[in-house]
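Residue numbers (this note's numbering): 8 to 293.
No residue lacks a Cβ here, since even glycine has one placed at the ideal position from N, Cα and C.
Since the structure comes first, as structure tokens, the remarks are kept for the end.
The structure is reproduced here in structure tokens:
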């Protein structure tokens with residue numbers, strides 16, 4: 008796992024030392040270089056829709072959004088075996104991100120309730136953080152970067168440029184470079200939903216003190232969505248002195264959910280109903 012040089016780590020420590028009004032971690036920041044690429048009563052089981060989508064009468068009904076699935080594999084260097092695999096299920100405006108194989112953390116992105124929920128299968132605990140808190144954490148990092156003159160190193164103003172071949176994009180900042188190849192979205196709202204997933208996942212990784220600085224990756228996601236595109240492959244290069252580490256994520260899209268996918272969603276509903284709630288700062292990191 009590569010970590011940035013001391014000035015960047017000190018900058019982020021400074022950022023996280025400020026109070027955000029949320030229970031964000033206070034441990035030393037650890038940055039991974041992987042592409043960034045999820046909990047809430049009695050022992051009675053329930054479906055995810057019953058547990059998660061119970062909203063008050065004053066909450067506006069969400070616009071109908073397409074249901075689909077995305078399988079993601081992340082590779083390091085030229086390795087043919089993936090470093091990690093994830094399944095992301097999009098249904099009724101909610102996003103369920105599940106590890107395939109290794110890993111114990113399931114992430115639920117719940118824009119209806121303006122929150123992100125984390126479930127740990129091994130320890131059987133859950134926690135949540137509000138979307139507003141995630142936005143504040145990112146805003147504090149931005150402000151601290153501007154104050155310290157580190158905006159270029161963190162990619163605050165990184166520009167997304169067209170690449171070759173057509174339909175590919177490049178964004179570069181500091182010692183980091185992303186290259187994305189794309190494909191057309193298979194169903195309506197897929198591009199926008201996937202971009203929203205990327206944005207919130209990037210902010211969540213920042214709050215959990217994992218992942219790369221989020222700003223350039225967010226800009227890349229929003230650029231692709233504006234053209235109705237989704238990433239087919241994203242390559243990440245991280246230079247540290249004379250060494251360069253490379254990662255790539257491969258994405259496979261299916262424009263519907265299978266019966267097995269819907270069973271996974273129901274299983275997550277059972278976890279939400281039964282897992283013990285813990286503070287955000289106490290949630291385990293795989």
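Open item on the list: Our contact map puts residue 152 next to residue 221 with C-beta atoms below 8 Å; I'd like the distance itself, whole angstroms only.
Closed with: Counting from one through the chain shown, the residue named residue 152 turns up at place 145. Counting from one through the chain shown, the residue named residue 221 turns up at place 214. 12 Å between Cβ atoms; not a contact.
Task: C-alpha distance - residue 125 paired with residue 101, whole-angstrom precision - done: As a first step, residue 125 must be located in the chain shown, where it is residue number 118. As a first step, residue 101 must be located in the chain shown, where it is residue number 94. If I take the Cα positions, the gap works out to 13 Å.
- [ ] Specify the secondary structure class of residue 273 as computed by DSSP and reduced to three states.
- [x] Counting from 1 along the chain shown, the entry for residue 273 is found at position 266. If DSSP states are grouped into helix, strand and coil, residue 273 belongs with the helices.
Task: Cβ neighbours of residue 262 in the same chain (closer than 6 Å, five flanking residues each side left out) - done: Counting from one through the chain shown, the residue named residue 262 turns up at place 255. So the qualifying residues of the chain are 75, 193, 194.
Open item on the list: With a threshold of 7 Å on Cβ separation, who are the neighbours of residue 136 within its own chain once the five nearest residues in sequence on each side are excluded?
Closed with: Position 129 of the chain shown holds residue 136. Excluding positions up to five away in sequence, the list reads 29, 122, 123, 214, 287.
Open item on the list: List, from N- to C-terminal side, the beta strand (DSSP E) runs of 3 residues or more that fit wholly inside the segment 99–180.
Closed with: 101–107, 112–117, 122–127, 132–137, 167–169, 175–180
Task: Anticipated Cβ contact below 8 Å, residue 259 with residue 174, distance rounded - done: Locating residue 259 in the chain shown gives position 252, counting from the first residue. Locating residue 174 in the chain shown gives position 167, counting from the first residue. Incorrect: roughly 17 Å between the Cβ atoms, too far for contact.
TODO: Per DSSP, which residues does residue 256 bridge with? Please list them.
DONE: For the purposes of this step, residue 256 is taken as the residue at position 249 of the chain shown. DSSP output for residue 256 lists 81, 241 as bridge partner(s).
Open item on the list: Let me confirm a value: residue 276 is counted as buried when at least 16 other C-beta atoms fall within 10 Å, else exposed. Which label applies?
Closed with: For the purposes of this step, residue 276 is taken as the residue at position 269 of the chain shown. Result: buried.
TODO: Please name the residue in 140, 218, 129, 223 whose C-alpha comes closest to that of residue 161.
DONE: For the purposes of this step, residue 161 is taken as the residue at position 154 of the chain shown. That would be 223, whose Cα lies nearest to the Cα of residue 161.
Open item on the list: Could you check whether residue 186 and residue 242 sit closer than 7 Å to each other, using their CB atoms as the reference points?
Closed with: Along the chain shown, one-based indexing puts residue 242 at 235. Along the chain shown, one-based indexing puts residue 186 at 179. Yes, these two residues count as a Cβ contact at 7 Å.
- [ ] Could you check how far apart the C-beta atoms of residue 256 and residue 240 are, in whole angstroms? I think they sit under 8 Å.
- [x] On the chain shown, position 249 is the one that residue 256 refers to. On the chain shown, position 233 is the one that residue 240 refers to. Contact flag correct, Cβ pair sits at about 7 Å.
- [ ] Identify, in the order they occur along the chain, each residue of the same chain with its Cβ nearer than 8 Å to the Cβ of residue 283, setting aside the five sequence neighbours on each side.
- [x] Residue mapping note: residue 283 aligns to position 276 of the chain shown, counting from 1. Cβ neighbours of residue 283 beyond the five flanking positions: 131, 132, 133.
Open item on the list: Quick check on DSSP: helix, strand or coil for residue 203?
Closed with: As a working note, residue 203 is residue 196 in the chain shown. Three-state result, residue 203: helix.
TODO: For residue 188, I'd like the list of residues in its chain whose CB is within less than 6 Å of its CB, leaving aside the five on either flank, ordered along the chain.
DONE: Residue mapping note: residue 188 aligns to position 181 of the chain shown, counting from 1. So the list reads 175, 239, 240, once near-sequence residues are dropped.
Open item on the list: Mapping the DSSP letters down to three states, classify residue 287 as helix, strand or coil.
Closed with: Working through the chain shown from its first residue, we reach residue 287 at position 280. Note: residue 287 maps to helix in three-state DSSP.
TODO: Taking residue 228 as part of the alpha helix (DSSP H), name the residues at either end of that continuous run.
DONE: Looking up residue 228 in the chain shown gives position 221. Residues 222–233.
Open item on the list: I'd like to know whether the C-beta atoms of residue 182 and residue 246 end up nearer to each other than 7 Å.
Closed with: Here residue 182 refers to the residue found at position 175 of the chain shown. Here residue 246 refers to the residue found at position 239 of the chain shown. Yes, Cβ-Cβ distance for residue 182 and residue 246 is below 7 Å.
Task: Three-state secondary structure (DSSP) of residue 73 - done: Taking the first residue of the chain shown as 1, we reach residue 73 at position 66. Here residue 73 sits in coil by DSSP.
- [ ] With a threshold of 16 other CB atoms inside 10 Å of the CB of residue 109, please say whether the residue is buried or exposed.
- [x] On the chain shown, residue 109 is found 102 positions in, with the first residue counted as 1. Exposed, by the Cβ-count rule.
- [ ] Could you pull out every residue in the same chain whose Cβ sits closer than 6 Å to the Cβ of residue 294, ignoring the five residues on either side in sequence?
- [x] Here the chain covers residues 8 to 293 and nothing more, so residue 294 does not appear.
Task: For residue 194, the first and last residue of its enclosing beta strand (DSSP E) - done: Against the chain shown, residue 194 aligns to sequence position 187. Note, residue 194: premise wrong, no beta strand (DSSP E); not H, not E.
- [ ] Name the residue from 118, 197, 95, 227 whose alpha carbon lies nearest to the alpha carbon of residue 167.
- [x] What you label residue 167 is simply residue 160 of the chain shown in a count that begins at 1. Checking every option, the nearest Cα to that of residue 167 belongs to 227.
Task: Backbone secondary structure at residue 263 - three-state DSSP - done: Position 256 of the chain shown, counted from the first residue, corresponds to residue 263. Three-state result, residue 263: coil.
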